[in-house]
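Novice: My questions will all concern the structure given below.
In my numbering, the protein residues as written are 414 to 816.
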């Protein structure tokens, strides 16, 4: 986003270069944390101090060198053009600020326990509540502001005019969120606002293309010609913003409407989850290449008709005596059903954990849609740079005569 401002207005040059350095620096820092054993986590792949020292040296060389070059060269870059706070440049700067602060909060929550333990010896844990609260509060204004950005003009925009274009979109998004809330049989009241924000992003992306093509204001064939004549970056922007909205809808739906059941089941017993009826058919022993397992078979019905079946297993790897659980996963549209086996009971039953995750695939689908949007933007003909050709040296008249 900052590169867009640099391209259009020749502004934010220093800031864009600094962001590029910080992005690569954070990737190196993440590698150091999970490879050195400094951070105790399921994501810490190895605990090797010697490897950590090596990565730390690389980190100091690249980050220190990049920041040193930046300190020497940055003052030579020009400031660029000015723009009003209410403009597309202003919206992109707001995006930069919010995402940078959000990145800083995540970095603080990750490193603060390590710094505190190093300085004082005290051990604390910063968990999900901190990240959910800080990151969620920062993302809320960003989600509302995203549809405004493409509709604002460069250098100086008309906020009132954009509001007049988007108030219908906001109303449709809120009504659709209420409909989803009703279909899911209620839930947290704030989930309506989260769903409305995601739908507002999707509808706002479509509204940008709608207004650019002049649909409803000009004849259909003229609107189609305008729509097909838009640069690919416009479609890339719409796809990326819509993908963000789809991911938000998935995150909110899973957080608000997912269910979890932990119960004891015996062969022949049934339970309900996500509108489906699960029947436990019993356990069967089985052997794999290097493990033995107890497999539980479940039949899934809806409205009395069988729609799917799944196996869930508890495995034991003999070489290391390591037990694992293999969950049975069923996909229904954009939702998924997970079935996991627990410990057996004395009366011949077994503990079963069942999770219903509605619209969870939208999280990954939105991410793919954002990636497609980025690819479409990169294919824009305006971004293609041709390799320069060397001009042939002119031949002197005297040489031509000699030949």
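For glycine and all other residues, C-beta sits at the position ideal for the given N, C-alpha and C.
All figures in this text were calculated on a predicted structure; none of them were measured in a lab.
#1: Give a single yes or no on whether residue 636 has its beta carbon closer than 7 Å to a heavy atom of the ligand SAH.
#2: Excluding the 5 residues preceding and the 5 following residue 708 in the sequence, name in chain order all residues of the same chain whose CB lies nearer than 6 Å to its CB.
#3: If we count the other Cβ atoms within 10 Å of its Cβ and call it buried at 16 or more, is residue 782 buried or exposed?
#4: Check for me: the alpha helix (DSSP H) holding residue 756 runs from which residue to which?
#5: What would DSSP say about residue 770, mapped onto helix, strand or coil?
#6: Mind checking which residues open and close the alpha helix (DSSP H) that includes residue 597?
#7: Relative to the alpha-carbon of residue 624, which residue among 636, 664 and 754 has its alpha-carbon at the smallest distance?
#8: Quick check: what's the CA-CA separation for residue 440 versus residue 520?
#9: Report the rounded CA-to-CA distance for residue 522 versus residue 786, giving the unit in angstroms.
#10: With a 10 Å radius around its C-beta and 16 neighbouring C-beta atoms as the bar for buried, classify residue 812 as buried or exposed.
#11: Got a sec, what are the start and stop residues for the alpha helix (DSSP H) residue 645 sits in?
#12: Are residue 427 and residue 487 close, meaning C-beta to C-beta below 8 Å?
#13: Does the count of Cβ pairs from the stretch 641 to 659 and the stretch 760 to 770 closer than 8 Å reach three?
#14: Just the C-alpha distance for residue 675 and residue 757, rounded to the nearest angstrom, thanks.
#15: Start and end of the beta strand (DSSP E) containing residue 708?
#16: Please name the residue in 712, 750 and 613 whose C-alpha comes closest to that of residue 561.
#17: Applying the criterion that 16 or more other CB atoms from any shown protein chain within 10 Å of the CB defines a buried residue, is residue 770 buried or exposed?
#18: Less than 8 Å separating the beta-carbons of residue 608 and residue 687?
#19: Buried or exposed for residue 631, please, with buried defined as at least 16 other CB atoms from any protein chain shown within 10 angstroms of its CB.
#20: Which residues mark the beginning and the end of the beta strand (DSSP E) in which residue 721 is found?
#21: Say whether chain D places a C-beta atom closer than 8 Å to the C-beta of residue 470.
#22: In terms of residue numbering, what span does the beta strand (DSSP E) encompassing residue 511 cover?
#23: Sort 530, 665 and 658 by Cα distance to residue 597 and report the nearest one.
#24: Report, in whole angstroms, the separation of the C-beta atoms of residue 622 and residue 605, which I expect to be a contact under 8 Å.
#25: Starting from residue 542, trace the alpha helix (DSSP H) both ways and give me its first and last residue.
#26: Below 8 Å on the Cβ atoms is my contact criterion, and I expect residue 645 with residue 793 to pass it. Report the Cβ-Cβ distance as a whole number of Å.
#27: Would you kindly work out how many angstroms separate the C-alpha atoms of residue 444 and residue 524, rounded to a whole number?
#28: If you reduce the DSSP assignment to three classes, tell me which class residue 487 lands in.
#29: Using CA atoms only, rank isn't needed, just tell me which of 527, 753, 744 and 515 is closest to residue 737.
#30: How many angstroms separate the CA atom of residue 744 from the CA atom of residue 574?
#31: Go ahead and label residue 706 buried or exposed: buried means 16 or more other beta carbons lie within 10 angstroms of its beta carbon, across all protein chains shown.
#32: Excluding the five sequence neighbours on either side, which residues of its own chain have a C-beta within less than 7 Å of the C-beta of residue 739, listed in chain order?
#33: Who pairs with residue 745 in a beta bridge, going by DSSP?
#34: Using only the alpha-carbon positions, how far apart do residue 518 and residue 541 sit?
#35: Beta strand (DSSP E) containing residue 700: first to last residue?
#36: In whole angstroms, give me the CA-to-CA distance for residue 616 and residue 732.
Specialist: From the atom records:
#1: Because no ligand of any kind appears in the structure shown, any question about the ligand SAH cannot be addressed here.
#2: 697, 699, 724 and 726
#3: buried
#4: Careful: residue 756 lies outside any alpha helix (DSSP H), inside the beta strand (DSSP E) at 748 to 757.
#5: strand
#6: Note, residue 597: premise wrong, no alpha helix (DSSP H); not H, not E.
#7: 636
#8: The C-alpha of residue 520 is placed about 12 Å away from the C-alpha of residue 440.
#9: 31 Å
#10: Interpretation of residue 812 is limited by its pLDDT of 48, a score under 50 that renders its predicted location unreliable; the figure taken from the coordinates is listed afterwards. Burial call: exposed.
#11: Counted as a single uninterrupted DSSP element, the alpha helix (DSSP H) harbouring residue 645 occupies residues 645 to 670.
#12: yes
#13: no
#14: 13 Å
#15: 704 to 715
#16: Nearest option by C-alpha distance: 613.
#17: buried
#18: no
#19: exposed
#20: 718 to 730
#21: In the displayed structure, chain D is absent; only one protein chain is listed.
#22: Residue 511 -> not in any beta strand (DSSP E); alpha helix (DSSP H) instead, spanning 501 to 533.
#23: 665
#24: Not really, about 27 Å apart at Cβ, beyond 8 Å.
#25: It spans 541 to 558 - the alpha helix (DSSP H) in which residue 542 sits, taken as one unbroken run.
#26: 4 Å
#27: 14 Å
#28: helix
#29: Taking only the C-alpha atoms, the option nearest residue 737 is 753.
#30: 44 Å
#31: buried
#32: 725, 726 and 728
#33: 748
#34: 13 Å
#35: 689 to 700
#36: 55 Å
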